[in-house]
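**Student:**
Chains as they are written, first to last, in our numbering: chain A, 1 to 288; chain B, 289 to 440.
(1) Give me the residue from 306(B), 298(B), 296(B) with the minimum Cα distance to residue 290(B).
(2) In chain order, what residues of the same chain have a beta carbon less than 6 Å from the beta carbon of residue 75(A), not counting five sequence neighbours either side?
(3) Can you tell which of 257(A), 232(A), 193(A) has its C-alpha closest to the C-alpha of residue 206(A)?
(4) For chain A, is any of its Cβ atoms less than 7 Å away from the one on residue 350(B)?
(5) When you compare the CB of residue 31(A) with every CB in chain B, is at least one pair closer than 7 Å?
(6) Any Cβ of chain B within less than 7 Å of the Cβ of residue 215(A)?
(7) Can you have a look at residue 284(A) and say buried or exposed, based on whether 16 or more other CB atoms are within 10 angstroms of its CB?
(8) Give a yes or no on whether 7 Å exceeds the smallest Cβ distance from residue 229(A) to chain B.
(9) Could you check whether the Cβ of residue 100(A) sits closer than 7 Å to any Cβ belonging to chain D?
(10) Please work out which residues of its chain come closer than 8 Å, Cβ to Cβ, to residue 3(A), disregarding the five sequence neighbours upstream and downstream, and give them in chain order.
(11) Report yes or no: do the segment 345-359 of chain B and the segment 17-35 of chain A share at least 3 C-beta pairs separated by less than 8 Å?
(12) Closer than 7 Å, Cβ to any Cβ of chain A: which residues of the segment 332-344 of chain B, in chain order?
(13) Strictly under 7 Å for the Cβ-Cβ distance: is residue 441(B) near chain A by that measure?
(14) For a quick check, are the C-beta atoms of residue 184(A) and residue 197(A) less than 7 Å apart?
(15) If you follow the beta strand (DSSP E) that residue 215(A) is part of, which residue opens it and which one closes it?
(16) Mark residue 404(B) as exposed unless 16 or more other C-beta atoms lie within 10 angstroms of its C-beta, in which case mark it buried.
(17) Comparing C-alpha positions only, which one of 308(B), 391(B), 355(B) sits nearest to residue 412(B)?
(18) Which one or two residues does DSSP pair with residue 3(A) in a beta bridge?
(19) Would you say residue 353(B) faces chain A, with C-beta separation under 7 Å as the test?
(20) With a threshold of 7 Å between beta-carbons, can residue 307(B) be considered close to chain A, or not?
(21) Express the C-alpha separation of residue 384(B) and residue 158(A) in angstroms, rounding to a whole number.
(22) Assign residue 258(A) to one of three DSSP states: helix, strand, or coil.
(23) Report yes if the CB atom of residue 186(A) is closer than 7 Å to the CB atom of residue 199(A), and no otherwise.
(24) Closest by CA to residue 268(A), which one among 229(A), 143(A), 194(A), 9(A)?
(25) Can you tell which of 118(A), 128(A), 71(A) has its C-alpha closest to the C-alpha of residue 218(A)?
(26) Considering only their Cβ atoms, is the gap separating residue 249(A) from residue 270(A) smaller than 7 Å?
(27) Going by Cα to Cα distance, which pick from 325(B), 340(B), 292(B) is closest to residue 333(B)?
(28) Taking a Cβ distance cut-off of 7 Å, strictly less, list which residues of the segment 113-142 of chain A are near chain B, in chain order.
(29) Rank 11(A), 12(A), 146(A), 30(A) by C-alpha distance to the C-alpha of residue 308(B) and give the top, closest one.
(30) I need the straight-line Cα distance from residue 424(B) to residue 62(A), nearest angstrom please.
(31) Count Cβ pairs between the segment 160-167 of chain A and the segment 64-84 of chain A that sit closer than 8 Å; are there 3 or more?
(32) Quick check on the DSSP output: what are the complete alpha helix (DSSP H) runs of length 4 or more inside the segment 124-190 of chain A, in order along the chain?
(33) So, is residue 143(A) buried or exposed, given that buried needs 16 or more other C-beta atoms within 10 angstroms?
(34) Rounded C-beta distance between residue 116(A) and residue 154(A)? I'm assuming under 8 Å.
(35) Ordered along the chain, which non-local residues of its own chain (more than five positions away) have a Cβ less than 6 Å from that of residue 132(A)?
(36) Check the Cβ of residue 40(A) against every Cβ in chain B and list those closer than 9 Å, keeping chain order.
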């Protein structure tokens, strides 16, 4: 008989994690974990810590700097949230292309991040918006830029006894524009071949003040594009050499060949999407 | 510790392991075979049921989270309904494997949008695969059940 604990309050959950860190598997929506358990029953965990009943991990709150999203908030609640739709439309869009409605009704934003798939649907947008993670432990908490969370293939910065409690996303800069696109075999349910989010800020003269990218399915982890961002900084759109951008995309990503796509396809599509994100002047609904 | 829930309006207690799939509890313990297993990975929607009114894939739901939950399977839907008649009239069923999941997805959709647009119908059913009908007749059935045109 497996051990299943469903605490009502966060401190209780953290104490369980602190005293018995190893064997407890944390579960919330279960949309990835239940598949894993079914496909590999021999590796099915015996002890489960079910965090779906923790109120502290639920819901969205607007703050002065941005929005706080409880880690166990469902993607359905996120994609419908009026403030998310108004200020972080790329997040509403990525939540809406994660699986399909029955998945979004259960899957959580924190789960999508902690499952740490290189193809995680919401990762690019969180990277582009510069999200921060609130990580808690039974004797305290810490902040981590989301960009520092993925350490390697399915390896995260979460340590034994720690739990992701919330994601904080700042308001995008005033004169910024977003671009989000997921490339898959069909609109619903598909795992991304490549996906990208970009947030580009220009001044009045069209000089790029900041450019942040997030991509998935192009490396062992969801990743940013540091050399592309650096190249764009301080340049006007007309001064951007597409060949330079392509070369930097190649430096920043390391796509693999798998059942969904080839390395060459991913590299080409990644470059085209980055260029489209840069040159597209106005945000439109179509990209969502 | 057994898990107590309501399935199609009736109290039910399961002693299966908490990490059991709701799908297996429904089919094997409750003998509710209308809930089908297609992919077992949350891709196809054949195992879709409503939990507290929300559409979910029962292959991905652990029993341990179902304490006090209200579960509706296809057996819990009325035998004769506008929706059921529309499925028959529009030829929305062929082999039948996807039909229970489609009916539940449609029920969840119509509860939220009494008069859904074609786009809303497509979205509401986007987690359910059908390999026979090509979807057009299913969309038509739902539009008809909602009192709209079957001409989609």
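Every residue gets a Cβ at the ideal spot worked out from N, C-alpha and C, and that includes glycine.
**Tutor:** Here's the rundown:
(1) Distances from the CA of residue 290(B) to each of 306(B), 298(B), 296(B) were compared; the closest alpha carbon is that of 306(B).
(2) Exclusion of the five residues before and after residue 75(A) leaves 95, 98, 104, 107 as the residues of its chain whose Cβ lies within less than 6 Å of its Cβ.
(3) Nearest Cα to residue 206(A) within the set 257(A), 232(A), 193(A): 232(A).
(4) By this cut-off, residue 350(B) is an interface position.
(5) The beta-carbon of residue 31(A) is placed less than 7 Å from the nearest beta-carbon of chain B.
(6) Not flagged as an interface residue toward chain B: residue 215(A), since no C-beta distance is shorter than 7 Å.
(7) Here the model assigns residue 284(A) a pLDDT of 43, short of 50, so the residue's position is not dependable and the matter cannot be decided.
(8) Not closer than 7 Å to any Cβ of chain B, the Cβ of residue 229(A) fails to qualify, so no.
(9) The chain labelled as chain D is not found among the protein chains of the depicted structure, namely A and B.
(10) Within the same chain, residue 3(A) has close Cβ partners 46, 47, 48.
(11) In short, these stretches touch, since the Cβ pair count reaches three.
(12) Residues passing the 7 Å Cβ filter: 333, 336, 342, 343, 344.
(13) Residue 441(B) falls outside the range modelled here, since chain B spans only 289 to 440, and no answer is possible.
(14) Residue 197(A) sits away from residue 184(A), with the two beta carbons spaced by 7 Å or more.
(15) Here the beta strand (DSSP E) through residue 215(A) covers 208-216.
(16) By the neighbour-count rule (16 or more Cβ atoms within 10 Å), residue 404(B) is buried.
(17) Closest by alpha carbon: 391(B).
(18) As a beta-bridge residue in DSSP terms, residue 3(A) pairs with 47(A).
(19) Closer than 7 Å: yes.
(20) With 7 Å as the cut-off, residue 307(B) counts as an interface residue toward chain A.
(21) About 45 Å.
(22) In the structure shown, residue 258(A) adopts extended strand secondary structure according to DSSP, grouped into three states.
(23) Not a contact, by the Cβ cut-off of 7 Å.
(24) Of 229(A), 143(A), 194(A), 9(A), the residue nearest in Cα terms is 194(A).
(25) Put simply, of 118(A), 128(A), 71(A) the residue whose alpha carbon is nearest the alpha carbon of residue 218(A) is 118(A).
(26) Result yes, Cβ atoms of residue 270(A) and residue 249(A) sit closer than 7 Å.
(27) Nearest to residue 333(B) by alpha-carbon distance, out of 325(B), 340(B), 292(B), is 325(B).
(28) Of all residues in the segment 113-142 of chain A, none has a C-beta nearer than 7 Å to a C-beta of chain B.
(29) Residue 30(A) is the option with its Cα nearest to residue 308(B).
(30) Distance between the alpha carbons of residue 424(B) and residue 62(A) is about 42 Å.
(31) Here the segment 160-167 of chain A makes contact with the segment 64-84 of chain A; the two share three or more CB pairs at distances below 8 Å.
(32) If we require 4 residues or more, the segment 124-190 of chain A turns out to have no alpha helix (DSSP H) run fully inside it.
(33) Exposed.
(34) Yes, they are in contact, since the Cβ atoms of residue 116(A) and residue 154(A) sit about 5 Å apart, within 8 Å.
(35) Within its own chain, the residues whose Cβ lies closer than 6 Å to the Cβ of residue 132(A), once the five positions on either side in sequence are excluded, are 143, 145, 168, listed in chain order.
(36) Within chain B, no residue comes near residue 40(A); the closest Cβ sits about 12 Å away, beyond 9 Å.
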